[in-house]
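Numbering (full-length UniProt numbering), first residue to last: 1 to 373.
Even for Gly, the Cβ is constructed at its ideal location relative to N, Cα and C.
Note sheet for the following structure.
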Amino acid sequence: MVFSTYASMMGIVMMLKPMVHTVIPPSVQNFVVSYIKSLVGSRSSTLAIIINDKNVYERGMEWPNELYHAALAYVSSKITPDEVVSDIYEGIKLTWRYVAGSSQTAGDGENSKFECLELSFDKKHKDLVLNSYVPYVEKEAKLINNDKRILKMYSECMGSGWNPVNFEHPSTFDTMAMNDELKRSVKEDLDRFIKRKDFYKRVGKAWNRGYLLYGPPGTGKSSLVAAMANYLKFDIYDLQLASVQGDAFLRRMLLQVRNRSILVVEDIDCSSDLPTRLQPAMTTFGGHEGSTSLTLSGLLNSVDGLWSSCGDERIIIFTTNNKDSLDDALIRPGRMDMHIYMGHCGFEGFKILASNYLGLSHDNDDTHPLYRR
């Protein structure tokens, strides 16, 4: 649960909550809190949704409460602590209130800080608020965060998980020396992917998409990855297969990849000599096989098998200089949905480079001496 709902008289509940956690045994705390909520809710026509800042547990790991951060982004420009602001959605009046304070923790007697957002409205609109307004807030928050967020690039850090740094690569589709038609095709495919959440759910597929970038060295494959990240406002996870200590380790790493991100495996043809499903599994640092070995089947299952469903709105990109050297199972449609050839730039690409480096116009102007063929 990322929020709880109950009627007004918020102050009473906030005062009782620390006492409940301190005095009442954990086994009956939920029952007591539920009973208090039912008593309060039966006497008021106003319903309140309390969205707290506490992390949530999912897939055996602790994650930030994304709904809280989305709601905070939505109202942060309008609200200060203990201030009340109103919002109108489809003719319904809703009230936001930001609550911050501290409560005594059971056992050690120390005070722990808490923050929460209280959203109040007439209880007869509960279904509309939960099914329409809350998703609207999440969508608006995503737009707000995209405008101001700093992208991150994550790399695996000596077996201890992902280590982030700020990602400030300047590459965009406008600066890419690509064929205009190919550039437009990639952007349209990305746009279509982002808008098709309901489609993926309807057909029973994980909301992921794979891209294979192939071609000679130095033709802009890494720059295209950066341009895609900047275009979508997605973080990048740089996966080096040579440092992966086995299939189980790979699964743990991918479970930590957040939504709205790009997972990149560069130079997959030479980053690791993966055994095929018919060959013995390769051993890792300890010289052991089996569960500590990285295999092609383990990688495939992570890309589009059952483990791939543990996340949404994620893109997987493989890059290679030699497409023909890759196992067909690795790049078949459904795993790598779009194959993008990055060759040496042609005349149109050269004009973009001239524009980038020399400031020359590349819009239907072939009169400059550099453009003479």
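Per DSSP, which one or two residues make a beta bridge with residue i?
i: residue 269; result: None; residue 269 has no bridge partner.
i: residue 303; result: DSSP output for residue 303 lists no bridge partner at all.
i: residue 85; result: 96
i: residue 102; result: 113
i: residue 335; result: Residue 335 is not bridged to any residue.
i: residue 251; result: For residue 251, which the question treats as bridged, DSSP gives no partner whatsoever.
i: residue 209; result: 315
i: residue 46; result: 122
i: residue 52; result: 116
i: residue 320; result: 214
i: residue 296; result: Residue 296 is not bridged to any residue.
i: residue 264; result: 238 and 317
i: residue 340; result: 213
Residues in its own chain within less than 6 angstroms of residue i by CB, not counting five upstream and five downstream?
i: residue 113; result: 102
i: residue 221; result: 213, 319 and 342
i: residue 75; result: 96
i: residue 169; result: 226
i: residue 315; result: 209 and 262
i: residue 115; result: 53 and 100
i: residue 223; result: 171
i: residue 266; result: 319
Straight-line CA distance for residue i to residue j?
i: residue 128; j: residue 248; result: 42 angstroms
i: residue 368; j: residue 350; result: 13 angstroms
i: residue 117; j: residue 137; result: 13 angstroms
i: residue 161; j: residue 311; result: 17 angstroms
i: residue 239; j: residue 94; result: 44 angstroms
i: residue 355; j: residue 371; result: 11 angstroms
i: residue 381; j: residue 91; result: Residue 381 falls outside the range modelled here, since the chain spans only 1 to 373, and no answer is possible.
i: residue 200; j: residue 358; result: 44 angstroms
i: residue 88; j: residue 133; result: 10 angstroms
i: residue 321; j: residue 331; result: 14 angstroms
i: residue 47; j: residue 125; result: 9 angstroms
i: residue 141; j: residue 324; result: 43 angstroms
i: residue 70; j: residue 144; result: 9 angstroms
i: residue 294; j: residue 241; result: 9 angstroms
i: residue 148; j: residue 100; result: 25 angstroms
i: residue 374; j: residue 347; result: No answer is possible for residue 374: the residues shown for the chain start at 1 and end at 373.
i: residue 216; j: residue 344; result: 8 angstroms
i: residue 192; j: residue 51; result: 32 angstroms
i: residue 298; j: residue 72; result: 39 angstroms
i: residue 281; j: residue 296; result: Its pLDDT being 48, under 50, residue 281 is placed unreliably in this model, and the coordinates cannot settle the point.
i: residue 258; j: residue 203; result: 23 angstroms
i: residue 67; j: residue 154; result: 23 angstroms
i: residue 195; j: residue 352; result: 30 angstroms
i: residue 150; j: residue 361; result: 31 angstroms
i: residue 146; j: residue 256; result: 21 angstroms
i: residue 340; j: residue 185; result: 10 angstroms
i: residue 135; j: residue 300; result: 33 angstroms
i: residue 130; j: residue 139; result: 14 angstroms
i: residue 270; j: residue 86; result: 57 angstroms
Residues in its own chain within less than 8 angstroms of residue i by CB, not counting five upstream and five downstream?
i: residue 152; result: 164, 165, 166, 167, 235 and 236
i: residue 268; result: 241, 318, 319, 320, 326 and 330
i: residue 84; result: 95, 96 and 97
i: residue 304; result: 206, 208, 210, 334 and 335
i: residue 197; result: 207, 312 and 313
i: residue 187; result: 173 and 231
Using C-beta distances below 7 angstroms, list every residue in its chain close to residue i, excluding the 5 sequence neighbours before and after it, in chain order.
i: residue 45; result: 122 and 123
i: residue 189; result: 338
i: residue 218; result: none
i: residue 183; result: 173 and 176
i: residue 336; result: 210, 211, 212 and 318
i: residue 243; result: 156
i: residue 278; result: Residue placement at residue 278 is poorly supported in this model, since its pLDDT is 38, which falls under 50; the coordinates still yield a value, given next. Nothing listed; no residue qualifies.
Next item on the list: Write down every uninterrupted run of the beta strand (DSSP E) in the stretch 140-200 whose length is 3 residues or greater and which is fully enclosed by it, in chain order.
Entry: 152-156 and 162-166
Notebook entry, point to check: Touch check for the stretch 162-175 and the stretch 227-234: three-plus C-beta pairs under 8 angstroms?
Noted result: yes
Check: With contact counted as at least three CB pairs below 8 angstroms, one residue from each stretch, are the stretch 260-267 and the stretch 178-189 in contact?
Finding: no
Next item on the list: Could you tell me which uninterrupted alpha helix (DSSP H) segments, each at least 4 residues in length, are contained entirely in the stretch 215-253, listed from first to last along the chain?
Entry: Taken in chain order, the whole alpha helix (DSSP H) runs of length 4 or more contained in the stretch 215-253 are 221-232.
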